[in-house]
Structure formats: structure tokens, C-alpha cells
Amino acid sequence: MDSKKFTGERPGWGKGFEYDYARHIAAYRFASTMAAGRRVLDAGCGEGFGTRTLTDTAAQVTGIDYSQAAIAECRRLWIGPGTTNLRFERADLTRSEELHETFDLVLNFQVLEHIIDPAPFLAGLRALLGDGGVLLLTTPNRLRTTSENPYHVREYTADELRDLLCSVFGSVEILGMHGNDKVENFETARAGAVHNILRLDPLGIRNLLPTWLVRFAFARLAKLVRRSATPDGAAVIVPEDFEVRADNIDRALDLVALCRR
Numbered sequence: 001m002d003s004k005k006f007t008g009e010r011p012g013w014g015k016g017f018e019y020d021y022a023r024h025i026a027a028y029r030f031a032s033t034m035a036a037g038r039r040v041l042d043a044g045c046g047e048g049f050g051t052r053t054l055t056d057t058a059a060q061v062t063g064i065d066y067s068q069a070a071i072a073e074c075r076r077l078w079i080g081p082g083t084t085n086l087r088f089e090r091a092d093l094t095r096s097e098e099l100h101e102t103f104d105l106v107l108n109f110q111v112l113e114h115i116i117d118p119a120p121f122l123a124g125l126r127a128l129l130g131d132g133g134v135l136l137l138t139t140p141n142r143l144r145t146t147s148e149n150p151y152h153v154r155e156y157t158a159d160e161l162r163d164l165l166c167s168v169f170g171s172v173e174i175l176g177m178h179g180n181d182k183v184e185n186f187e188t189a190r191a192g193a194v195h196n197i198l199r200l201d202p203l204g205i206r207n208l209l210p211t212w213l214v215r216f217a218f219a220r221l222a223k224l225v226r227r228s229a230t231p232d233g234a235a236v237i238v239p240e241d242f243e244v245r246a247d248n249i250d251r252a253l254d255l256v257a258l259c260r261r
């Protein structure tokens, strides 16, 4: 979703959204370390700008999304000469039987926080794993959330996520997506901008507004917050400013889970 069409539901990309793009692509770069020669499914691919990065290493990459409009955009942007190992299909992640196949590596990035009933959803992802297959899942770390997101129904701590995933998968490892000092400075500035905005609504009137209006305002305020957190002359944040690690997970920006059947 480029910055002109940004709604807040999916990561932004394009001018003004360098941070979002870098953080998103960093997860795909981590995935690429496990994708070599494998059949990869990107479950919830959005506009596919991360999905297509896997084609350099994976044997086959399939991106699926519930939005037909998103899939049409993926095909328009990324399918062409030289992408013979990439395809995009519309599918409902709660109905894994629609795909009629299994995969060596299944990615599910920044989706779980949107799911009201996660257990059947996760069981569907498990069914997509072939023998020895791995699910790589990311979701925001609730302990690091600085702003309300009207599209998220629930965010998780590391312990909460582990408990949920262990109810479905036989093996679960929780890691964290961390940023360097440049990223942390951006996060501090963003938190300050969000705090200043929320001070304008001390009575929580926003919680009484229609959902469509809250989401409309959220998208526009999110752009304002990003501009406030990125002053002129600030160094641009790039994917190399992030890394996945096993330490200090409570301070991670995103939780990263490796799950096996």
C-alpha cells in the first residue's frame, strides 16, 4: 500500500513510509535465510512488495491474500518476464483447503493481530505445512506498542504468543525483531507525537466514534506522526537497521515465531 492509498491496515511504502518499508522488508530478509530451494507460501501477502524479494532464493513463491484488489495489484506490479517462480492467488486463510497443496515454509507477517478467533486460523496455517515444514510468523509486541490501531483486535506479549502457538504446534521458538539506535530514536519520537495527539482527547471520545471515522482519522494521523518523527535531515531508516535476535525479547518491536508441526 503506497503512501497515497495508506489506510493503516497494511504497511505503507513509498515516500514518507521508509520506516514501514524497512521494518517489513527486514522480516522478509530473515525469511530468505530459510527459503533457499524451498516451496514458500506468503499467507497474507498484501501488495506483495515483500513477497517478490523471495524469488531470488526460493524454488517457488506463492502469495495469497483475502483481497482480490490486492492480488490484482500484486500481479500487475510483480508478475512478468523473469518471475516464473512467483504467483499470486486470492484465498481465504481460514479455509486452507482452498489451496490443495502444502509448503516447506509458510510466512504469516503482521496478520495475527487482526484475527478475532486465532485458534482455527493457526490450525489452517499448520495444515499448509508439509513434512518438516516451518511457519514463520510475526506480530507486533504489545509491550512496545505506542499507538492505538483500530484494525488490531488483539496484540500479544511474548509469553501470550508462545502459549497460543503451543496449543496448535508441537515446536515453537520466539525471537524478536529489534532496531538499532536510529530506529529507537524514531520510535521515541513517534511515541511523543502520538502522546501529543492523544492529549487532545482526554475523555476518550474517540472510543465512542463510528469505526469508519476512527479508521479514516487514524490513517491521516499516522502520516502526520511519521512526518513528526522524521525531521528534515534525519538519516533514512533501511532494512539493515533491523535484526532478528533471541535476546531481550520484551524490548523487541515485533515478535517472530518459528513453528513446526
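Numbering (our numbering), first residue to last: 1 to 261.
All C-beta atoms, glycine included, are put in the ideal place defined by N, C-alpha and C.
What are the boundary residues of the beta strand (DSSP E) that includes residue i?
i: Pro140; result: 129-140
i: Ser32; result: Ser32 -> not in any beta strand (DSSP E); alpha helix (DSSP H) instead, spanning 18-35.
i: Leu107; result: 103-109
i: Gly63; result: 60-65
i: Phe242; result: 242-245
i: Asp42; result: 39-43
i: Leu255; result: 254-260
Under a three-way DSSP split, which group does residue i fall into?
i: Leu86; result: strand
i: Asp163; result: helix
i: Phe169; result: coil
i: His152; result: coil
i: Gly176; result: strand
i: Asp2; result: Since pLDDT at Asp2 reaches only 46, below the 50 mark, its modelled position is unreliable, and the value read off the structure follows with that caveat. Three-state result, Asp2: strand.
i: His100; result: coil
i: Asp56; result: helix
Who are the Cβ neighbours of residue i in its own chain at under 7 Å, not counting the five residues just before and after it?
i: Thr57; result: Ser32, Ala35, Ala36
i: Ala70; result: Gly46, Glu47
i: Arg142; result: Glu155, Tyr156, Thr157
i: Asn108; result: Ala43, Gly44, Leu125, Leu135, Leu137
i: Gly130; result: Thr102, Phe103, Asp104
i: Gln68; result: Arg90
Taking 6 Å as the limit between beta carbons, can you name the residues of its chain near residue i, skipping five residues before and five after?
i: Arg215; result: Pro150
i: Val244; result: Phe30, Leu175, Met177, Val256
i: Ser147; result: Val194
For residue i, collect the residues of the same chain with a Cβ closer than 8 Å to its Cβ; drop the 5 residues on either side in sequence, then sort them by chain order.
i: Arg126; result: Leu135, Val168, Phe169, Cys259, Arg261
i: Ala235; result: Lys182
i: His152; result: Glu113, His114, Pro140
Check whether the Cβ atoms of residue i and residue j lie closer than 8 Å to each other.
i: Phe242; j: Gly192; result: no
i: Asp254; j: Pro118; result: no
i: Ala27; j: Val238; result: no
i: Leu105; j: Gly132; result: no
i: Leu86; j: Arg52; result: yes
Name the two residues that bound the continuous alpha helix (DSSP H) containing residue i.
i: Phe186; result: 181-198
i: Cys74; result: 68-78
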